[in-house]
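Right, one structure below, let's go through it.
Protein chains: 2
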Amino acid sequence: MSLPVPVLSEGVDPAWLPEEAFRALGGRRILIRGSGPLVETVHAEAAEACARFGGALVSKDPELVLESTGDDESEAFTLGRRDGRTTVTASGGRGLLYGFFHVVRLGAAAFEGERQLREHRPALAVRMLDHWDNVAVHPVMGQVERGYAGGSLFWADGRARGDLERVRAYGRLLAACGINAVAVNNVNVHAAEARLLTDRIGEVADIAGALRPYGIRTHLSVTFAAPMVLGGRETADPLDDGVREWWAGATARVYEAIPDFGGYVVKADSEGQPGPFAYGRSHADGANMLAAALRPYGGTVHWRAFVYDHRQDWRDRATDRARAAYDHFVPLDGEFAANAVLQVKHGPMDFQVREPVSPLISAMSHTALAVELQATQEYTGQQRHVCWLGPMWSEVLRFGARDGLPFEELVAVSNAGDDPFWTGHPLAQANLYTFGRLAWRPDADPGGILDEWIGLTFPGAPGRLADGLRSVLDGSWRTYEKYTAPLGVGFMVQPGHHYGPSVDGYEYSPWGTYHFADRDGVGVDRSRATGTGYAGQYAKPWAEVYESPESCPDELLLFFHHVPYGHVLKSGRTVIQHIYDTHFEGVEEVERARKVWASLADVVAPERHARVAERYEEQLRSAREWRDQINSYFFRKSGVPDGRGRTIY
Amino acid sequence: MSLPVPVLSEGVDPAWLPEEAFRALGGRRILIRGSGPLVETVHAEAAEACARFGGALVSKDPELVLESTGDDESEAFTLGRRDGRTTVTASGGRGLLYGFFHVVRLGAAAFEGERQLREHRPALAVRMLDHWDNVAVHPVMGQVERGYAGGSLFWADGRARGDLERVRAYGRLLAACGINAVAVNNVNVHAAEARLLTDRIGEVADIAGALRPYGIRTHLSVTFAAPMVLGGRETADPLDDGVREWWAGATARVYEAIPDFGGYVVKADSEGQPGPFAYGRSHADGANMLAAALRPYGGTVHWRAFVYDHRQDWRDRATDRARAAYDHFVPLDGEFAANAVLQVKHGPMDFQVREPVSPLISAMSHTALAVELQATQEYTGQQRHVCWLGPMWSEVLRFGARDGLPFEELVAVSNAGDDPFWTGHPLAQANLYTFGRLAWRPDADPGGILDEWIGLTFPGAPGRLADGLRSVLDGSWRTYEKYTAPLGVGFMVQPGHHYGPSVDGYEYSPWGTYHFADRDGVGVDRSRATGTGYAGQYAKPWAEVYESPESCPDELLLFFHHVPYGHVLKSGRTVIQHIYDTHFEGVEEVERARKVWASLADVVAPERHARVAERYEEQLRSAREWRDQINSYFFRKSGVPDGRGRTIY
């Protein structure tokens, strides 16, 4: 009855579920109680592990009990150990599945000593990956928009992939780190993708079927213009009865095909996508229309808050893209339906290596919110550079969370594709894993998660391998920040593809992304007193902290203020010397990491070692390019020589 | 026997051959003597004109005699008028064809008063257009690389166009301005295009057949790697016997298909194209191999001198792209076969709005040279801006020509496509016409050519239309220069597509295109004394003139020197004030031209007027963007305010 555990094709990396990760559990006498499809999944997993490592599924004298006491949807489980018996109890198959993978993570420790009964429960009910995968290859963006890991796991050349074994394996990896929802197509919905909603829903249903045994619900990105594009209506006005009927009918047919369908993801009135503005309606009107269509079935609409003017005039200093999401959505707080989730990028701009946390997140107390992170490394090295984002995400998730989390869900843009290592750069797997674990427990220590990932992915690794991995990953986000855009200024990237430096690349563009560097200083004045007023969008104490260059944290100084190159940072260095120093340091740190990796050649599988080593070459080349372009640009502009006399071109 | 005069499809503009242009001639009694295919063409033209305007082909008492006395290939003709009879005499059909179009150009004046017998003879034997047309649509470059006039006249979606009537009409337009050779495909030869040389030569033969009646020989761009790509050889080494045999065989088959085939055009070892360097051979070796294959049939190889390092390191100040063509080719002077023509871009860089004339042109006295111009406006407004290049080309052609022209041929990259106006911007037709006429007579006054074009294209135009056209075209090149890159600095364009400003767009790139602007000054030191030494590639007096900022002409100052913003030009203005002034002036000039055009609405056909008016809107928008970006960039860098207090952002 239960599906077998998915089998990876030759050459595909098992990521954090290598066979060895199941050794401790697979050697036990295991008793499984309960029924239902996800219990069946646990059964198949346990049976497979026992077959490999000499354990057995038993009906008495177990060393491990996995028990589902009912069939509800709860994801919680209780784990304890007493008298040589480890027990996992849940009130349904979902909880049991997470409990099972928790035991896998614990490894041998799950079967040692005593362990007090403790309930484990995810802090966030929806832990989701958005795939920006195109069905048809896009002429500019390709098969996966901002994808750096080969093709799509779901689609190839205009069709769903026939073989779903890899999708099943993907679902298994996601379940093992706690992810429970996937949107299977790009938020920019082109012609072929639009039709997934209607006549091509069968393809989505097949994917949903492959992900379901691992507790993952499938979501679909849809175009707001669907009633026109697909339904032949003359309008997509969310208050038009015909439009609402069309969505109700379309949604009913979706649920016929996928009874546990998660819902819609919508990018509306954003970067050219259609939306309610065309009809003089608000985004609440738009989102609520879709929420109404989904409500009878328990579905949710994820409505992205990434709305701004992408045809701005660079000469216009009054408009500030950073303000846009807050200005658009705060007036609508309280107007969104309960099953309309506003999906907010973690920063006010667009996934830069350093941004403040979006003030919108703390300002929508009457609206369900999802915070959106970007696992795919669009602006953070595109999986050619090592950049482990755990520390950044942790900072974001802890911001303003003293009185409870100000959001309900966590979403990340996936970094996975059909690459043999799943993520292009083998070490970028750590980002995917970390995201899942932080979504389960946003206050978790990212360093602990990294250790967990190392332990699972490299089971039985000698100490120097674990140490080496930790040393090249742990500080890699700050290293990347050092050799790229300084002090929160952002967007000094090549236009279009966003890889590599171009200090003025977005400076005279319509995208609202400026640094205003001149011969005297650099940065954007976003204070209330003299700037765009963005700092005033924060609650206290942050509004005050960000308002003044004296109190603003160094790492965000140029995001909030335009300061002279001679401005002295809290670190004691001037801005210009900070720019030079960090850029030299960043490259040196990459050089060191590359050496550490080279030293691990004897303890890492050859293909994996080679793949990472090759990417370090590119990372180092690119880091040097960043260093030299940024330093040259600011030296030419400021005229201030490096205090340490290093080479600036 | 003779083909009829080509008929244009509905809506296609007749350019400089409207019916009215034939009125003066078409009303006469015309006697035609001689035989051969091109005499037949003249016969068909004259008959058509007479049928329309009431004249007649007669055997006695003619008012116009068109006589070919033989059947040689000479393009010269003799024109005179005496006792009420105009005579055109040539020693073959080619000369007679050019004589015929000369009479068309003269209009009524051809039949007035007396006219001394005078021989007209082109200064250059080959007057050629290179089409950068792709057979298959290129994923980045499209159907026509750097094409701004719709699709290709020759190719569509991977195949030769079936209907060749438009090609015949194109040939007729070219003959009427003096062009006698066309290369039908892009110098970047991709997979589909490579095969035109072999199994697809029939498609080229069809085009050649359509162009032949108007005296135009067809040339083909080929890949140097053809023996490998098409012939399955393991090498393309030009000294390898098998390779030479392969080319000899391939060329023999080309001439079987096209007996008057012109020859090959080759871009080798340039921007990624294959070439002889891979085999340790010189460009003379490469060119001479192809020349040897072509020699038995009277064909020519055009070997492009556009060879430079396009993977330069911007940090490396010693390498200078401007030096490259001279450094590569001067050592080879005298080594090229007689039918190997070295095709040299007019400037040392790449068709910028202002460059010095390439020193290579005067340095190859033992090598046949073609100077290459660019009619397609890649860097000069892409046929969205009015930029009549006659004055620039005239400057180029007069440079160093005191003791005779230092080159034998003139080539331009065509600006024509399947657009109804041929050139996208209707006024860009003037560039194509001017090129042809300058190729015939390089010392002609470009203003006179412009008047000629106006007279033909707008026959019987009221004076204010002719004045208006002259005023918007005559100074348009200098206007474009004013609002774009100042003082010869070049390349401040958006990377890739090259439209619109990006001051640093190529500053940190591998393309060898830098301006080195810093807070103190701008420009490239190419002097012998302190710079790259490029100035020393010129003969006297230019080596001295360019060597010093004092003697260097203002318009080339930043090409040759790095100077402070406060440097005082010969004009009396500082460099920085010159930048501001010219950018404001340039935009004002566009505003005035736009108004002039608007005032002509009642005397220009509506479609043409609307097309130009619409492009003026874009030109003005773009010119303002140029003005503001350039001014802001240099203000932010220099800190020097505009002396007249105008708005700089």
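Top to bottom, those sequences are chains A and B. Here this note's numbering is used: the first residue of the first sequence is 1, the next is one more, and so on. Here this note's numbering is used: the first residue of the second sequence is 650, the next is one more, and so on. Cβ coordinates follow ideal geometry from the N, Cα and C atoms, glycine included.
Residue contact with chain B for A:Gly639: present (Cβ-Cβ distance below 8 Å to some residue of chain B). In the three-state DSSP reduction, A:Thr434 falls in the helix class (H, G or I). Separation of B:Gly1030 and A:Tyr506 (C-alpha to C-alpha, rounded to the nearest whole angstrom) is 22 Å. Assigned with DSSP and collapsed to three states, A:Thr198 falls in coil, not helix or strand. Per the DSSP secondary-structure output, A:Glu67 pairs in a beta bridge with A:Arg33, A:Thr89. By the C-beta density criterion, B:Ser1014 is exposed, having fewer than 16 other C-beta atoms within 10 angstroms. Leaving aside the five residues that flank A:Ile449 on each side, the residues in its chain whose CB is nearer than 8 Å to its CB run, in chain order, Gly390, Tyr433, Thr434, Arg437, Leu438. Close to chain A, meaning a Cβ-Cβ distance shorter than 9 Å, are the following residues of the region 1133-1156 of chain B: Gln1143, Pro1144, Gly1145, Pro1150, Ser1151, Val1152, Asp1153, Gly1154, Glu1156.
For A:Met128, no alpha helix (DSSP H) encloses it; the enclosing beta strand (DSSP E) starts and ends at 126-130. Put simply, the backbone Cα of B:Pro1290 is about 15 Å away from that of B:Gln1278. Comparing alpha carbon positions, the residue from B:Arg849, B:Leu860, B:Ala798, B:His951 closest to B:Val903 is B:Arg849. DSSP places A:Asp333 in the coil class of the three-state scheme, outside both helix and strand. At a Cβ-Cβ threshold of 8 Å, B:Val786 and B:Asp806 count as neighbours.
Those residues of the region 336-353 of chain A placed with their C-beta closer than 7 Å to a C-beta in chain B do not exist.
Put simply, the backbone Cα of B:Arg731 is about 11 Å away from that of B:Leu713. Taking the beta carbon of A:Gln629 as reference, the chain B residues within 7 Å of it are Tyr1157, listed in sequence order. Residue pairing by DSSP places A:Phe77 opposite A:His120 in a beta bridge. Contacts between A:Tyr514 and chain B, judged by CB atoms closer than 9 Å, are missing: the closest CB pair is about 11 Å apart. For A:Arg166, the uninterrupted alpha helix (DSSP H) segment begins and ends at 165-177. B:Arg795 does not reach chain A, its nearest Cβ partner there being about 19 Å away, counting only Cβ pairs nearer than 7 Å. Take A:Ala368, set aside five residues on each side of it, and the residues of its chain with a beta-carbon closer than 6 Å to its own are Val341, Glu408, in chain order. Under the three-state reduction of DSSP, A:Glu607 is assigned to helix. Chain A has a Cβ within less than 8 Å of the Cβ of B:Asp1167. In the displayed model, B:Asn783 falls within a strand according to three-state DSSP. Excluding sequence positions up to five before and after B:His995, its CB lies within less than 7 Å of the CB of Val1006, Ser1007, Val1020, Glu1021, Leu1022, Val1045, all in the same chain and listed in chain order. A contact between stretches requires three or more CB pairs, one per stretch, nearer than 8 Å, and the region 670-678 of chain B meets this requirement with the region 706-722 of chain B. With contacts defined as CB atoms closer than 8 Å, A:Asp320 and A:Tyr534 qualify as a contacting pair.
Minimum Cα-Cα distance from B:Ala673 among the listed residues B:Gly719, B:Glu697, B:Gly820 corresponds to B:Glu697. Look at the region 291-316 of chain A: the residues with a C-beta under 8 Å from a C-beta of chain B are Trp314, Arg315. Closer than 8 Å to the CB of B:Arg1295 there is not a single CB belonging to chain A. Judged by beta-carbon spacing, A:Pro549 lies beyond the 8 Å limit of A:Leu556, meaning their Cβ atoms are not closer than that value.
In this structure, the beta-carbon distance from B:Ala1077 to B:Gln1026 falls below 8 Å.
Its Cα nearest to that of B:Ala1188, the residue B:Ala1012 stands out among B:Ala1012, B:Ser1120, B:Leu666, B:Thr727.
Per DSSP, reduced to three states, the secondary structure at A:Ala338 is coil, with no helix or strand assignment. Of all C-beta pairs linking the region 581-596 of chain A to the region 616-627 of chain A, three or more are shorter than 8 Å, placing the two stretches in contact. Setting aside the 5 residues that flank it on each side, A:Phe277 is surrounded in the same chain by Asp269, each with a C-beta closer than 7 Å to its C-beta; the list follows chain order.
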